[in-house]
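Take a look at the structure below.
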Amino acid sequence: MRKTERFPVEHANSLWQIYKTVSFWKVVKNFIIIQLARYTPFLSLKNSLYRIFLRMKVGKQTAFALMVVPDVMFPEKISVGNNSIIGYNTTILAHEYLIKEYRIGNVIIGDNVLIGANTTILPGVTIGDRAVVSAGTLVHKDVAPGTFVGGNPMQVIYTKKEMEKREENNFSE
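In terms of this note's numbering, the sequence shown opens at residue 2 and continues consecutively.
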């Protein structure tokens with residue numbers, strides 16, 4: 002179960018009421034910073050932009066590939082640990098606007114995590130340390146530490162124990 006806070010709305014759908022939930026100027030600033038970061042090839046600059054201007058928690062030596070899109074409205078709800086890789090064109094959402102409500106939730110990505118290209122991470126999800134998320138996955142629930150997941154719907158491909166055995170076999174060859 003994703004951990005999100007729910008906010009009911011009346012009348013028009015929640016997206017029509019967006020600027021009641023977040024400042025227009027915050028969205029404009031965040032959009033500009035995200036667009037700059039999406040195209041810069043300099044990882045340390047990208048991480049600094051995220052930390053300083055978006056208030057994201059970004060660990061040491063974490064790498065955001067080109068075209069990654071962190072949440073434009075609530076990027077401060079995103080935390081990425083040390084030495085993780087967020088693959089090309091990945092989207093990390095901390096909000097979702099629905100017809101009768103909107104939801105906001107923290108996204109926590111642990112240390113030494115690999116997120117494959119074109120992945121979408123939904124709000125309220127935790128991805129544990131040393132997890133691997135294959136390319137094109139919709140992360141709609143928590144990912145246990147050390148597991149390998151993939152697909153849509155997301156499924157466990159290898160458990161932590163199976164991953165450790167695979168790594169052991171790879172190093173012994």
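Every residue, glycine too, gets a C-beta built ideally from N, C-alpha and C. Source: prediction; values computed, not measured.
With 16 other Cβ atoms within 10 Å as the buried cut-off, status of ALA13: Per the 10 Å Cβ criterion, exposed.
Assigned secondary structure, TYR40 (DSSP; H/G/I helix, E/B strand, else coil): Secondary structure at TYR40: helix, using DSSP grouped into helix, strand and coil.
Distance, LYS21 Cα to ASN153 Cα: For ASN153 and LYS21, the gap between their C-alpha atoms comes out near 33 Å.
Status (buried if at least 16 other CB within 10 Å, exposed otherwise) for MET2: Exposed, since its Cβ has fewer than 16 Cβ neighbours within 10 Å.
Contacting residues, own chain, Cβ-Cβ under 6 Å from THR1 (five flanking each side not counted): Coverage of the chain is limited to positions 2 through 174, which leaves residue 1 absent and any answer about it impossible.
Buried versus exposed, by CB contacts within 10 Å (16 or more), SER49: By the neighbour-count definition (other C-beta atoms within 10 Å, threshold 16), SER49 is an exposed residue.
Among ILE34, PRO124 and GLY111, nearest to ALA132 - alpha-carbon criterion: Out of ILE34, PRO124 and GLY111, the CA that lies nearest to the CA of ALA132 is found in GLY111.
Buried or exposed (CB count within 10 angstroms, at least 16 for buried), THR198: Past the boundaries of the shown model lies residue 198; the chain is included only from 2 to 174, so the question cannot be answered.
Sub-8 Å separation of ASN83 and ALA118 beta-carbons: In this structure, the beta-carbon distance from ASN83 to ALA118 does not fall below 8 Å.
Extent of the continuous beta strand (DSSP E) to which ILE105 belongs: For ILE105, the enclosing beta strand (DSSP E) begins and ends at 102–105.
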